[in-house]
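One structure below.
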Amino acid sequence: MAAPDALTRSTLGGDDRSGQPDRVQVIPLSVLARIIRGHQDEQRAAAADHDDQQAEQDADQDVPNDSNLLVDLSTDRYDVDPVVRNRRGSLDPADCALAIGVTTDGIQVAIVTERGVVAASYRRPSTAQSPTPPTGEPVAGEPAAERMFAAVCAGADAVLHAVGFDPDRPTGLRGVGVLVAGRIDQHAGSVECGPWHGFPLGERLAEQYDLPVALTTPAPALLASEHWRGAARGRRGVLAIDWDREINGALALGDRLLAGTTGNAGHIGHICVDPYGPKCACGARGCLQAVAGGAAICEWYSSHGGIEAGNDVTRIARAAGRGDAIAQATLRRAGEAIGQAVAAVVTLLDLDVVVIGGPLGALGPPVLEAVGDGYAAHAALGYAAAPRVVPAVLGQESVPLGAAAAVLHPQSYRSG
Numbered sequence: 142m143a144a145p146d147a148l149t150r151s152t153l154g155g156d157d158r159s160g161q162p163d164r165v166q167v168i169p170l171s172v173l174a175r176i177i178r179g180h181q182d183e184q185r186a187a188a189a190d191h192d193d194q195q196a197e198q199d200a201d202q203d204v205p206n207d208s209n210l211l212v213d214l215s216t217d218r219y220d221v222d223p224v225v226r227n228r229r230g231s232l233d234p235a236d237c238a239l240a241i242g243v244t245t246d247g248i249q250v251a252i253v254t255e256r257g258v259v260a261a262s263y264r265r266p267s268t269a270q271s272p273t274p275p276t277g278e279p280v281a282g283e284p285a286a287e288r289m290f291a292a293v294c295a296g297a298d299a300v301l302h303a304v305g306f307d308p309d310r311p312t313g314l315r316g317v318g319v320l321v322a323g324r325i326d327q328h329a330g331s332v333e334c335g336p337w338h339g340f341p342l343g344e345r346l347a348e349q350y351d352l353p354v355a356l357t358t359p360a361p362a363l364l365a366s367e368h369w370r371g372a373a374r375g376r377r378g379v380l381a382i383d384w385d386r387e388i389n390g391a392l393a394l395g396d397r398l399l400a401g402t403t404g405n406a407g408h409i410g411h412i413c414v415d416p417y418g419p420k421c422a423c424g425a426r427g428c429l430q431a432v433a434g435g436a437a438i439c440e441w442y443s444s445h446g447g448i449e450a451g452n453d454v455t456r457i458a459r460a461a462g463r464g465d466a467i468a469q470a471t472l473r474r475a476g477e478a479i480g481q482a483v484a485a486v487v488t489l490l491d492l493d494v495v496v497i498g499g500p501l502g503a504l505g506p507p508v509l510e511a512v513g514d515g516y517a518a519h520a521a522l523g524y525a526a527a528p529r530v531v532p533a534v535l536g537q538e539s540v541p542l543g544a545a546a547a548v549l550h551p552q553s554y555r556s557g
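Going by the working numbering, the first residue of the sequence shown is number 142, and it counts up by one from there.
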């Protein structure tokens with residue numbers, strides 16, 4: 142890895158429009174420990190102070206206001222919008238939400254404005270060795286659930302401080318929006334995700350920051366973000382599909398997220414696409430998820446002679462790109478099943494657009510072309526025949542935008 146003074150914005154994945162890389166201020170870990178107000182263990186902070194004494198001779202003792210605050214501390218990354226960076230403290234908290242995402246990709250935290258600008262962000266990714274939400278450093282006697290909550294709060298404190306809000310008293314913010322890749326009990330405000338089992342996340346965050354909290358899951362968040370700022374912007378009837386190992390969906394009709402009686406409207410993964418097909422985990426037979434979910438794709442590939450796929454659909458996609466006929470047939474089967482289910486929903490509800498997101502939706506042409514073919518084969522009526530299936534476009538920004546949407550625009554995107 143390059144020395145800290147040699148890091149540039151392009152090194153970390155960005156660039157300046159002028160073609161010249163921006164210099165990046167690497168903040169000493171001891172300074173960051175003070176920013177996140179004690180969530181780091183005192184002994185580790187002291188050790189960081191010792192290691193960073195030389196660096197601190199050349200650094201300010203607080204977060205710099207005139208540098209590009211993009212920090213690479215092993216796996217954690219922080220970024221501040223250049224406009225906000227140069228006018229730190231100028232944001233109106235009444236126009237902002239604290240957005241938190243806890244998924245298998247890791248922890249994301251951001252400050253999002255009412256106009257959909259990600260003003261500051263933090264990311265702690267999961268690792269290949271631990272593909273679950275990261276829980277922070279082990280502390281003797283501290284449960285993993287508490288470590289993960291502390292890791293979330295550490296990121297939240299950092300982004301609040303970065304834009305000039307007091308992490309101890311972030312008064313005036315509209316609220317906290319939280320995306321959790323797991324089960325949510327909206328009434329109790331509890332979640333099931335990683336080490337959190339019935340964890341009262343809503344209550345704990347409300348106590349921590351004295352702000353209202355809105356909880357959501359990936360499919361409604363995907364719909365909210367893409368309808369607000371992405372591929373479905375301005376459309377009145379939208380289905381968003383979160384395509385991963387499981388297949389989930391969400392609906393917007395008349396510019397409003399449709400929750401349904403139990404909050405599960407749009408749950409396309411359990412539409413039947415083959416009444417004689419494989420049995421689904423739900424107990425039914427031939428569900429879309431049992432045919433086209435990530436686990437089902439890997440199983441079908443292996444059972445038909447595919448090799449070395451494991452549980453990784455991206456490896457099957459790479460094999461398809463190399464001309465592997467079994468891999469190509471596997472992805473085509475899954476994509477056409479998605480298209481068949483989408484055609485049924487569009488025909489029923491007369492939707493404007495269907496957004497395909499999630500890790501498998503991001504695989505691109507190998508699956509999206511098959512989705513389009515499956516849709517065309519089953520959307521026979523004139524009003525449904527026009528191609529309306531599009532890929533999600535927001536990428537990683539979908540997480541904070543989707544979480545914040547329920548707070549900043551509750552009349553349109555609140556799911557519970």
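Positions of the beta carbon are idealized from the N, C-alpha and C atoms, including for glycine.
**Q.** Assigned exposure category for L522 - 16 Cβ within 10 Å defines buried
**A.** In the sequence shown, residue 522 corresponds to position 381, counting from 1. Exposed.
Q. Quick one, are the C-beta atoms of G539 and G498 less than 8 angstroms apart?
A. In the sequence shown, counting from the first residue as 1, residue 539 sits at position 398. In the sequence shown, counting from the first residue as 1, residue 498 sits at position 357. First, the residue type needs correcting, since residue 539 is Ser and not Gly in the sequence shown. Yes, they are a contact pair.
**Q.** Limits of the unbroken beta strand (DSSP E) element including L239
**A.** The residue labelled residue 239 in the question sits at position 98 within the sequence shown. C237 to T244 is the extent of the beta strand (DSSP E) around L239.
**Q.** Distance between beta carbons of A533 and G318, contact taken as under 8 angstroms
**A.** Indexing the sequence shown from 1 puts residue 318 at position 177. Indexing the sequence shown from 1 puts residue 533 at position 392. So it is not a contact: roughly 18 angstroms between Cβ atoms.
**Q.** Whole alpha helix (DSSP H) elements within the segment 404-444, 4-residue minimum
**A.** 429-433 and 435-444
Q) Cβ of R288 less than 8 angstroms from any chain C Cβ? A) The structure shown contains no chain C, having only a single protein chain.
Q. How big is the Cα-Cα spacing for T391 and T403?
A. Sequence index remark: in the sequence shown, residue 391 carries index 250 (1-based). Sequence index remark: in the sequence shown, residue 403 carries index 262 (1-based). The sequence shown places Ala at residue 391, not Thr. Distance between the alpha carbons of A391 and T403: 13 angstroms.
Q) Which stretch, first to last residue, makes up the alpha helix (DSSP H) that contains R288? A) Here the question's residue 288 lines up with position 147 in the sequence shown. Its alpha helix (DSSP H) spans residues A285 to A303.
(Q) Can you list, in chain order, the residues of its chain with a C-beta nearer than 6 angstroms to that of V486? Leave out the 5 residues immediately preceding and following it. (A) Here the question's residue 486 lines up with position 345 in the sequence shown. L380, listed in sequence order.
Q) Cβ of A99 within 8 angstroms of Cβ of V293? A) Examination of residue 99 is not possible in this model, given that the chain is present from 142 through 557 alone.
Q) Shortest alpha-carbon distance to Q249 belongs to which of R555, L549 and A545? A) For the purposes of this step, residue 249 is taken as residue 108 along the sequence shown, with counting starting at 1. The shortest Cα separation from Q249 among R555, L549 and A545 belongs to A545.
Q. Under a Cβ-count criterion, where at least 16 other Cβ atoms within 10 Å of its own Cβ denotes burial, should V325 be classed as buried or exposed?
A. Within the sequence shown, the letter at position 184 stands for residue 325. Reading off the sequence shown, one finds Ile at residue 325, where the question assumed Val. Label assigned to I325: buried.
Q: Determine the extent of the beta strand (DSSP E) in which T254 is found, giving its start and end residues.
A: The count along the sequence shown starts at 1 and reaches residue 254 at position 113. Taken as a continuous stretch (DSSP letters only), the beta strand (DSSP E) holding T254 covers G247 to T254.
**Q.** Bridge-paired residues (DSSP) for I382
**A.** What you label residue 382 is simply residue 241 of the sequence shown in a count that begins at 1. Among the bridge pairs identified by DSSP, I382 is matched with G390 and I497.
**Q.** Same chain, Cβ closer than 8 angstroms to T471, five either side skipped, listed in chain order
**A.** Residue mapping note: residue 471 aligns to position 330 of the sequence shown, counting from 1. Answer for T471: I438, W441, Y442, H445, G447, I457 and A461, listed in chain order.
(Q) Counting beta carbon pairs with one atom in the segment 419-432 and one in the segment 346-359, are three or more of them shorter than 8 angstroms? (A) no
**Q.** Backbone secondary structure at V487 - three-state DSSP
**A.** Residue mapping note: residue 487 aligns to position 346 of the sequence shown, counting from 1. Helix at V487.
Q. Roughly how many angstroms lie between the CA atoms of G313 and S262, to the nearest whole one?
A. As a position in the sequence shown, residue 313 is number 172, starting the count at 1. As a position in the sequence shown, residue 262 is number 121, starting the count at 1. If you take the alpha carbons of G313 and S262, they lie about 19 angstroms apart.
Q | Spatial distance of G395 from R377 (CA atoms) | A | Position 254 of the sequence shown, counted from the start, is the residue given in the question as residue 395. Position 236 of the sequence shown, counted from the start, is the residue given in the question as residue 377. Cα to Cα, G395 sits roughly 5 angstroms from R377.
Q | Per-residue DSSP class, three states only, for H550 | A | Looking up residue 550 in the sequence shown gives position 409. Looking at H550 - three-state DSSP - the assignment turns out to be coil, as it is neither helix nor strand.
Q) So, A365 versus L342, is the Cβ gap smaller than 8 angstroms? A) Numbered from its first residue, the sequence shown carries residue 365 at position 224. Numbered from its first residue, the sequence shown carries residue 342 at position 201. Taking a C-beta distance under 8 angstroms as the contact criterion, A365 and L342 do not qualify as a contact pair.
Q) The alpha helix (DSSP H) with S366 in it runs from where to where? A) As a working mapping, residue 366 is identified with position 225 in the sequence shown. P359 to R370 is the extent of the alpha helix (DSSP H) around S366.
Q | Cβ neighbour criterion (16 or more within 10 Å) applied to E315 | A | Indexing the sequence shown from 1 puts residue 315 at position 174. Sequence inspection shows Arg at residue 315; the Glu mentioned does not correspond to that position. Label assigned to R315: buried.
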